[in-house]
Amino acid sequence: MRLLHVKLSGFKSFVDPTVVSVPSDLVGIVGPNGCGKSNVIDAIRWVMGESSAKTLRGDHMADVIFNGSTVRKPVGKASVELVFDNSNGEAPGAYAKYGEISIRRELSRDGQSQYLINKIRCRRRDITDIFLGTGLGPRSYSIIEQGMVSRVIEARPEELRVLIEEAA
Amino acid sequence: MRLLHVKLSGFKSFVDPTVVSVPSDLVGIVGPNGCGKSNVIDAIRWVMGESSAKTLRGDHMADVIFNGSTVRKPVGKASVELVFDNSNGEAPGAYAKYGEISIRRELSRDGQSQYLINKIRCRRRDITDIFLGTGLGPRSYSIIEQGMVSRVIEARPEELRVLIEEAA
Amino acid sequence: TRARFKSTYDNLNTRFQGFFPRLFGGGSAYLELTGSDLLDTGVTVLARPPGKRNSTIHLLSGGEKALTAVALLFAFFDLNPAPFCILDEVDAPLDDANVERYCKILRTMADRTQLIFITHNKITMEAAQVLIGVTMAEPGVSRLVSVDLNEAIEMAQ
Amino acid sequence: TRARFKSTYDNLNTRFQGFFPRLFGGGSAYLELTGSDLLDTGVTVLARPPGKRNSTIHLLSGGEKALTAVALLFAFFDLNPAPFCILDEVDAPLDDANVERYCKILRTMADRTQLIFITHNKITMEAAQVLIGVTMAEPGVSRLVSVDLNEAIEMAQ
Ligand SMILES: Nc1ncnc2c1ncn2[C@@H]1O[C@H](COP(=O)(O)OP(=O)(O)OP(=O)(O)O)[C@@H](O)[C@H]1O
Ligand SMILES: Nc1ncnc2c1ncn2[C@@H]1O[C@H](COP(=O)(O)OP(=O)(O)OP(=O)(O)O)[C@@H](O)[C@H]1O
Ligand SMILES: [Mg+2]
Ligand SMILES: [Mg+2]
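One line per chain: the protein sequences are A, B, C and D, in this order. According to the numbering used here, the first sequence is numbered sequentially starting from 351. According to the numbering used here, the second sequence is numbered sequentially starting from 351. According to the numbering used here, the third sequence is numbered sequentially starting from 91. According to the numbering used here, the fourth sequence is numbered sequentially starting from 91.
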């Protein structure tokens with residue numbers, strides 16, 4: 351599986367539909383403080399099934415929906431889509447035969463929420479199942495977010511042990 | 351009071367007697383990771399009376415004494431001296447009339463420890479008294495160490511309150 | 091005492107409100123009491139970077155959090171200004187525009203305070219009048235060398 | 091189970107021992123069990139940067155701690171390698187020589203993994219084959235722009 355692009359709409363500061371394509375194996379993301387770089391990372395974790403608002407730097411899950419600026423009104427829905435190239439057939443189970451796999455998550459302010467795989471509604475569980483054995487997931491080491499280095503440095507022996515248990 | 355220089359000997363990685371002079375009001379300290387920059391800061395806090403080994407990134411106070419390298423043996427004593435220009439007579443109490451004020455702290459591996467003001471032995475209490483009203487001290491905001499910014503960011507409301515109480 | 095806490099709090103708040111827009115190039119921030127009893131109320135930090143909405147500090151970006159904390163630390167320093175102020179790598183998470191404004195404040199503070207700052211940042215190095223280089227040519231043993239700016243850019247490497 | 095923990099621990103330890111000297115340009119590091127019972131023992135990190143003595147991670151310098159943690163995080167990643175690895179500003183406290191070695195590892199990993207890294211560091215920007223710029227020309231609203239390296243150095247400002 352190879353990540354092709356990430357599509358964000360109404361997610362945090364990415365109110366307008368935005369496609370972040372991954373055209374090479376060494377992609378740098380740059381820009382001033384507060385412009386939205388880490389928000390892209392939050393979006394990827396969110397669509398992969400992150401269920402803790404705190405981990406996404408919010409108080410409630412609805413905090414991921416664009417909540418307005420000095421000139422724009424808040425919007426009612428956040429949507430993030432991840433599209434993978436699966437031409438090597440590595441995706442698990444029923445998805446092995448698809449050439450592309452699209453994973454999408456949507457959340458509305460009224461609390462309505464859905465997950466979709468290749469445009470078909472599914473449960474969060476189906477999303478996390480896709481990632482089993484791929485090394486991916488909202489809490490895997492495939493995403494090393496701002497602050498993770500400090501947490502590792504300050505980890506007590508018991509905490510480090512737990513990380514190893516979880517990786518087993 | 352104006353800081354003229356810091357003299358370190360046997361303090362952490364500064365095994366050889368070293369004088370850090372402060373020739374201007376905008377002094378930058380540069381160098382690779384691990385070369386000793388923060389150790390200079392630790393030395394200043396230590397000589398001003400820092401009594402917590404943990405705050406100086408050690409387990410015991412003796413950890414500030416140079417403990418050897420792959421080619422040098424450990425030494426038996428650490429010494430740090432701060433020299434202030436007091437030509438404006440701002441130093442408190444008995445010290446107001448001195449043109450220069452030297453504050454020095456020494457610690458030996460056998461636990462022997464002493465403080466000196468202008469070469470005369472004194473108690474730690476006399477050192478901290480000199481700094482009363484000057485805004486200086488091992489825990490004052492005159493030293494913003496690596497990691498302090500993160501602690502402020504992560505401070506809970508109760509903790510922030512305590513900081514304000516202490517500054518009152 | 092209630093009165094003393096309130097006066098320190100107000101004093102700090104005023105200075106914090108002053109430093110924030112100078113560091114961010116705009117926007118505003120302030121401290122707020124979380125409770126009604128001055129004897130045990132907590133204190134939170136609210137910040138509004140330029141063009142953005144007001145929020146608590148933990149909802150800001152990595153660099154915005156750091157810069158907000160720096161504004162608060164400068165305000166604390168200002169409550170009890172000392173002859174010198176030492177800053178150890180506070181510019182690490184900042185982008186170049188924010189580092190420039192941070193350096194501007196350092197230059198202003200240097201009128202009345204001796205500023206000593208540790209940095210890996212080339213822009214901050216340029217703000218120094220004198221650069222002190224620390225090296226470990228002999229492993230485990232620190233030595234000083236005086237440097238000029240071009241040398242410094244070299245020695246950080 | 092004991093056996094599974096031990097095998098993961100040994101696996102992780104081997105990879106950690108491999109990454110450390112590549113990031114530090116020498117030296118060594120390893121994990122150690124704090125207790126004797128595999129079911130509840132803690133784990134500590136011991137590190138010896140080149141030319142220095144062995145010590146626990148919390149006695150190292152700011153940048154040395156970060157780089158040691160990065161070696162451990164790469165080791166964890168390697169246990170369950172994914173198609174991509176995303177790194178958000180892990181290079182912030184590193185000097186130029188360490189950043190160069192960090193970038194060298196990124197280039198090596200890119201043979202089998204898609205690397206996406208967020209950075210303010212000019213050297214790391216040069217390691218990218220493609221740079222994606224994020225801006226907030228309209229306050230509070232993020233937009234993408236594609237950038238070349240010189241533009242990127244500009245836009246971080
Ligand atoms: N729900 C939301 N609606 C609108 N804006 C939001 C929302 N959540 C977060 N933001 C904004 O996104 C910005 C943070 O973006 P982000 O953390 O991605 O910055 P960054 O580019 O990583 O910066 P840094 O380099 O400082 O780490 C904040 O200014 C915040 O106001
Ligand atoms: N008692 C001691 N004896 C000898 N060396 C010591 C002692 N205590 C600390 N050190 C060494 O000092 C080094 C740390 O120095 P310091 O923290 O000043 O680095 P730094 O220049 O601030 O680096 P960074 O840029 O990464 O923050 C460590 O490598 C450590 O081994
Ligand atoms: Mg960020
Ligand atoms: Mg340091």
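Ideal placement from N, C-alpha and C gives every residue a C-beta, glycine not left out. Fair warning: this is a prediction, and the values are worked out from it, not measured in the lab.
Query: C-alpha gap between P173(D) and I394(A), whole angstroms; Result: 14 Å
Query: Residue span of the alpha helix (DSSP H) that contains V231(D), given as start and end; Result: Run containing V231(D): none; DSSP gives neither H nor E here.
Query: According to DSSP, residues forming a beta bridge with S429(A); Result: S359(A) and E456(A)
Query: N- and C-terminal bounds of the alpha helix (DSSP H) containing R138(C); Result: Note, R138(C): premise wrong, no alpha helix (DSSP H); beta strand (DSSP E) at V133 to R138.
Query: Straight-line gap, D127(C) to V180(D) (C-alpha atoms, nearest Å); Result: 42 Å
Query: Backbone secondary structure at E122(D) - three-state DSSP; Result: strand
Query: Unbroken alpha helix (DSSP H) run spanning V160(D), endpoints; Result: G152 to L169
Query: Heavy atom of ligand 2 within 7 Å of G141(D) beta-carbon; Result: no
Query: CA nearest to the CA of I147(C), picked from S118(C), E241(C), T131(C) and R191(C); Result: S118(C)
Query: Cα-Cα separation, M215(D) to G152(C); Result: 19 Å
Query: Identified DSSP bridge partners for S58(C); Result: With chain C covering 91 to 247 only, the question about residue 58(C) has no answer from this structure.
Query: Spatially closest choice to V421(A) from R143(C), L239(C) and F95(C), by CA coordinates; Result: R143(C)
Query: Beta-carbon proximity list for R592(B), same chain, < 7 Å, skipping 5 on both sides; Result: Because chain B in this structure spans residues 351 to 518, residue 592(B) falls outside the shown range and cannot be described.
Query: Per-residue contacts from K212(D) into chain B (C-beta, under 7 Å); Result: What K212(D) touches in chain B: nothing, since even the nearest Cβ is about 16 Å away.
Query: Test: K142(D) CB closer than 8 Å to a CB of chain B; Result: yes
Query: Which residues DSSP lists as bridging I494(A), in chain order; Result: L177(D)
Query: Distance between P111(C) and L177(C) (C-alpha atoms, nearest Å); Result: 20 Å
Query: Residues that DSSP places opposite T146(C) in a beta bridge; Result: L136(C)
Query: G115(D) at chain C interface by Cβ criterion, 8 Å; Result: no
Query: Collapsed DSSP secondary structure at Q204(C) in the structure displayed; Result: strand
Query: DSSP three-state assignment for D127(C), whether helix, strand or coil; Result: coil
Query: Beta-ladder partner(s) of S328(A), from DSSP; Result: In this structure chain A extends from 351 to 518, so residue 328(A) is not present and cannot be described.
Query: Distance between V414(B) and T91(C) (C-alpha atoms, nearest Å); Result: 38 Å
Query: R511(B) burial status per 10 Å Cβ neighbour count (16 or more: buried); Result: buried
Query: Where N438(B) falls, given that 16 or more other Cβ within 10 Å makes a residue buried; Result: exposed
Query: Range of the contiguous beta strand (DSSP E) that encloses T368(A); Result: T368 to S371
Query: Integer Cβ distance of V365(B) from V425(B), believed to fall under 8 Å; Result: 6 Å
Query: Distance, G384(A) Cα to P171(C) Cα; Result: 31 Å
Query: Chain B contacts from the segment 172–196 of chain D (Cβ-Cβ distance under 9 Å); Result: P183, L184, D185, D186, A187 and N188
Query: Contact set, ligand 1 heavy atom to C-beta under 5 Å; Result: K362(A), S363(A), N383(A), G384(A), C385(A), G386(A), K387(A), S388(A), N389(A), F416(A), N417(A), K142(C), S151(C), G152(C) and G153(C)
Query: Close beta carbons around H410(A), own chain, < 8 Å, minus the five adjacent residues each side; Result: A403
Query: Limits of the alpha helix (DSSP H) - the one that G108(C) falls within; Result: R92 to F114
Query: Alpha carbon of C193(C) to alpha carbon of T209(C), nearest angstrom; Result: 11 Å
Query: Stretch pair the segment 151–168 of chain C + the segment 96–106 of chain C: three plus CB contacts closer than 8 Å; Result: yes
Query: Ligand 2 heavy atom lying under 7 Å from the CB of D185(C); Result: no
Query: Nearest neighbour of F248(D), chosen from V502(A), G360(A), V372(A) and R407(A) [CA to CA]; Result: What the structure shows of chain D is the stretch from 91 to 247, and residue 248(D) is not part of that stretch, so it cannot be assessed.
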